[in-house]
Amino acid sequence: MSAIERHRVVVLALPGVLPLDLGIPVQTFGMDPHYEVTVCCDPSAGPVRSGGFTVATSAGLEALPDAGTVVVPGYQAPADPLPAAALSALRAAHTRGARLVSICTGAFALAAAGLLDGRPATTHWQETAELQRRYPRVDVRPNQLYVDDGDILTSAGVTAGVDLCLHIVRRDHGAAAANSRARALVAPPQRSGGQAQFIERFRPSARGEDLAPVLTWMLDNLAHRQSVDELARRAHMSRRTFIRRFQRETGTSPMAWLTAARIDWARELLETTTTPVEQIARLSGLGSPAAFRAAFHRHVGTSPADYRATFQT
8 MSAIERHRVV VLALPGVLPL DLGIPVQTFG MDPHYEVTVC CDPSAGPVRS
58 GGFTVATSAG LEALPDAGTV VVPGYQAPAD PLPAAALSAL RAAHTRGARL
108 VSICTGAFAL AAAGLLDGRP ATTHWQETAE LQRRYPRVDV RPNQLYVDDG
158 DILTSAGVTA GVDLCLHIVR RDHGAAAANS RARALVAPPQ RSGGQAQFIE
208 RFRPSARGED LAPVLTWMLD NLAHRQSVDE LARRAHMSRR TFIRRFQRET
258 GTSPMAWLTA ARIDWARELL ETTTTPVEQI ARLSGLGSPA AFRAAFHRHV
308 GTSPADYRAT FQT
């Protein structure tokens with residue numbers, strides 16, 4: 008393929024850019040003959056420091072007008088104000104028709120530029136709540152690895168950025184090209200963007216002390232059938248008072264809390280034991296094997312077998 012036919016990708020390194028996030032689009036697209044990659048920054052913002060080193064880019068914001076795709080890697084302190092010139096350049100690139108891509112906290116830059124208003128997006132699971140709080144007009148998807156909304160694509164942290172870049176190669180040039188890049192990166196060739204982010208295991212907690220004995224009993228008896236009425240009796244409260252108090256102290260309903268605790272226990276069993284899935288369904292209190300698989304997929308975004316294959320130690 009001749010150079011003139013290569014799709015131009017410009018990677019915008021913002022202050023505090025995360026080293027791994029910066030390297031993902033450079034490595035994925037830069038070694039692919041279909042793409043030409045340029046790394047740029049806003050020189051008016053001063054040197055771009057990343058961890059313990061400084062990033063020397065080959066271009067300034069003047070690189071963006073010629074870009075077919077603009078990638079914004081994650082950066083430290085996403086709550087800090089960004090250079091006005093960089094935000095303006097992102098808006099201009101989008102108006103001109105460039106495809107915009109963010110990795111990890113790079114979504115905050117797109118949101119700060121007003122480009123995610125009314126659109127679905129994701130970011131690292133540790134920052135999704137903050138993204139939603141700061142930019143309430145964004146349709147934040149906290150459980151997705153990446154979101155492809157046509158001309159704007161966003162991803163969660165690090166490995167999800169690899170998934171998204173490979174997804175773009177697949178979208179642009181087909182499965183063979185994407186699989187070739189995946190083999191070179193020693194990465195899975197395809198993970199669905201709808202797959203849930205693997206966040207830290209649920210750790211049930213309460214902000215008060217009134218329900219501590221009941222919560223402990225619930226955790227110690229996950230395999231047994233539990234009802235709201237029984238839990239209210241154990242708490243020496245009416246059903247209505249118990250539900251209201253539970254919501255105030257845990258932030259959720261008794262049955263939602265219990266399901267999350269059961270899913271967490273199932274995840275731990277899948278990671279640390281060879282116990283058959285059918286037995287884990289019973290030990291976790293999640294019902295029949297079929298019901299367990301459905302509940303696990305609904306909450307975690309993958310099957311118990313695939314989860315075990317990925318995380319078993």
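Each residue of the sequence shown is one higher than the last, beginning at 8 in my numbering.
Note that CB positions come from ideal geometry on N, CA and C, so glycine has one too.
Bear in mind that the values here come from a model prediction, so they are computed numbers and not experimental data.
Beta bridge counterpart(s) of residue i as assigned by DSSP
| i | result |
| --- | --- |
| Tyr82 | Val24 |
| Thr61 | Arg56 |
| Thr76 | Val16 and Arg106 |
| Asp146 | Pro127 |
Residue j beta carbon less than 9 Å from that of residue i
| i | j | result |
| --- | --- | --- |
| Ile110 | Ile31 | yes |
| Arg274 | Asp39 | no |
| Ala128 | Thr161 | yes |
| Arg141 | Ala84 | no |
| Ala66 | Thr45 | yes |
| Pro80 | Val24 | yes |
| Ala105 | Val77 | yes |
| Arg241 | Trp224 | yes |
| Ala324 | Gly292 | Nothing can be reported for residue 324: it is not among the residues displayed for the chain, which extend from 8 to 320. |
| Leu97 | Ala116 | yes |
| Gly121 | Tyr82 | no |
First and last residue of the uninterrupted alpha helix (DSSP H) at residue i
| i | result |
| --- | --- |
| Thr166 | Thr166 to His180 |
| Asp313 | Pro311 to Phe318 |
| Asp236 | Val235 to Arg241 |
| Glu43 | It is not in any alpha helix (DSSP H) - Glu43 instead sits in the beta strand (DSSP E) that spans Tyr42 to Cys47. |
| Ser95 | Ala91 to Arg103 |
| Val154 | That residue, Val154, is in no alpha helix (DSSP H); its beta strand (DSSP E) goes Tyr153 to Asp155. |
| Arg289 | Val284 to Leu290 |
| Ala326 | No information on residue 326 is available, as it lies outside the stretch 8 to 320 that the chain covers here. |
| Glu321 | Nothing can be reported for residue 321: it is not among the residues displayed for the chain, which extend from 8 to 320. |
Inter-residue spacing [alpha-carbon to alpha-carbon] between residue i and residue j
| i | j | result |
| --- | --- | --- |
| Val17 | Thr166 | 20 Å |
| Gln133 | Ser260 | 23 Å |
| Arg269 | Gln233 | 12 Å |
| Gly181 | Leu21 | 31 Å |
| Ala70 | Phe303 | 46 Å |
| Arg246 | Leu226 | 20 Å |
| Ala312 | Val193 | 22 Å |
Unbroken beta strand (DSSP E) run spanning residue i, endpoints
| i | result |
| --- | --- |
| Leu4 | No answer is possible for residue 4: it lies beyond the span of the chain, which begins at 8 and ends at 320. |
| Leu160 | Ile159 to Ser162 |
| Val108 | Arg106 to Ile110 |
Identity of the residue in the options nearest residue i by Cα
| i | options | result |
| --- | --- | --- |
| Ser95 | Gly104, Ala119 and Gly58 | Ala119 |
| Thr257 | Ala219, Thr281 and Leu290 | Ala219 |
| Thr102 | His131, Asp158 and Ser57 | Asp158 |
| Ala289 | Trp272, Thr279 and Glu278 | Reading the sequence as shown, one finds Arg at residue 289 and not Ala. Checked all of Trp272, Thr279 and Glu278; the closest Cα to Arg289 is Trp272. |
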